[in-house]
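Encoded as structure tokens, the structure appears first; notes follow it.
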Amino acid sequence: MGESLRHTSAAHVVIFMYTAPLFSALGLHFKVASERLAPLQWLGILLAFSGIAVAFLGPASETETPDLGSMLWGDTLALLAGAAWGMTTVVLRTTGLSRLPATHTLMYQLVVAFVVLMIFSIWQGQTTFNPTPAVWASLAFQSVVVSFASLLLWFWLLKHYLASRLGAFSFLTPLFGVALGAWLLDEPIEPRFLLGALFVLTGILLVSGYTTVQQALASLKHRAGPKTT
1 MGESLRHTSA AHVVIFMYTA PLFSALGLHF KVASERLAPL QWLGILLAFS
51 GIAVAFLGPA SETETPDLGS MLWGDTLALL AGAAWGMTTV VLRTTGLSRL
101 PATHTLMYQL VVAFVVLMIF SIWQGQTTFN PTPAVWASLA FQSVVVSFAS
151 LLLWFWLLKH YLASRLGAFS FLTPLFGVAL GAWLLDEPIE PRFLLGALFV
201 LTGILLVSGY TTVQQALASL KHRAGPKTT
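Residue numbers (full-length UniProt numbering): 1 to 229.
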């Protein structure tokens, strides 16, 4: 995800990153009997990946960056990050990690990430550190809020609730990402990307919010049914 932000917009990254529930739902479908996908969820999978295809393969517009190749590379990295995140959920649910305390799981992930990212930064020559106030504030936020508090809470939730239902709570994040990218960063919202994003978000809603959607449809069906006297 960090590398993808060097090549594409924040709005693109947040949409492709939050395809993670789709990948986790697909993985858990084959590994956990209680999380089998229903027909409506398969429709969501189809819609979401159709949206990804539209965002990647649709005709370019005049508002898009002239370096289209770099943008597509960044989009690809963001999508791979989403897939990796989704597979992390599958591993946490289907291995011995599910029986460990959330603090242990978090520590394992942070230690491995530290080693891998340190090697990658040396390989890429990204070892320069410019200690400005903005950098320190960003580092503090990423370390305390993102890498510690939010992940600790997420791992705890995974041990107590179905992963497919938890994904519904992250549905608003892509919407905020696109809106804030346009507002704070002046990022253009390309028509093809917007269409693809709508397909992706609809698919995520059907997959992750299946229970809620099913209840809403049942309620509508009940209201539309014949009234008895």
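Even for Gly, the Cβ is constructed at its ideal location relative to N, Cα and C.
Predicted model only: the values in this text are computed from it and were never measured.
(message) So, for F56: in the same chain, excluding its five sequence neighbours on each side, which residues have a beta-carbon less than 7 Å away from its beta-carbon?
(response) Leaving aside the five residues that flank F56 on each side, the residues in its chain whose CB is nearer than 7 Å to its CB run, in chain order, L72, D75.
(request) Out of G125, L205, R223, W156, state which residue places its alpha-carbon closest to the alpha-carbon of Q41. (result) Closest by alpha carbon: L205.
(request) Look at the alpha carbon of G86 and the alpha carbon of V146, and state the distance between them as a whole number of angstroms. (result) Approximately 17 Å between the Cα atoms of the pair.
(message) So, at 6 Å on beta carbons, what are the nonlocal neighbours of H7 in its own chain, with the 5 sequence-adjacent residues on each side left out?
(response) Within the same chain, H7 has close Cβ partners S70, W73, G74.
(request) Put Y210 into one of helix, strand or coil per three-state DSSP. (result) Looking at Y210 - three-state DSSP - the assignment turns out to be helix.
(message) Below 8 Å, how does it come out for the region 176-188 and the region 7-17: are there three or more Cβ pairs, yes or no?
(response) The region 176-188 is in contact with the region 7-17.
(message) Going by beta-carbon coordinates alone, are R52 and G196 separated by less than 8 Å?
(response) Checking the displayed sequence, the identity of residue 52 turns out to be Ile instead of Arg. It is a contact, given that the beta carbons lie within the stated cut-off.
(request) Have a look at I15, R192, T127, L152 and flag the residue whose alpha-carbon is nearest the alpha-carbon of L79. (result) It is I15 whose Cα lies nearest to the Cα of L79.
(request) Just list the alpha helix (DSSP H) runs in the region 114-194, keeping only unbroken ones of 4 residues or longer that don't cross its boundaries, in chain order. (result) 133-140, 151-158, 163-166, 172-184, all fully within the region 114-194.
(message) Quick check on S9: does DSSP put it in helix, strand or coil?
(response) Three-state result, S9: coil.
(message) Rounded to whole angstroms, what is the Cα-Cα separation between T132 and T105?
(response) Going by the C-alpha atoms only, they are around 32 Å apart.
(request) Report yes if the C-beta distance between V54 and F199 is below 8 Å; otherwise report no. (result) Yes, the Cβ-Cβ distance between V54 and F199 is below 8 Å.
(request) With DSSP collapsed to three states, give me the class of G2. (result) Here G2 sits in coil by DSSP.
(request) Please report how far the alpha carbon of V207 lies from the alpha carbon of L26, in whole angstroms. (result) Whole-angstrom Cα-Cα distance: 10 Å.
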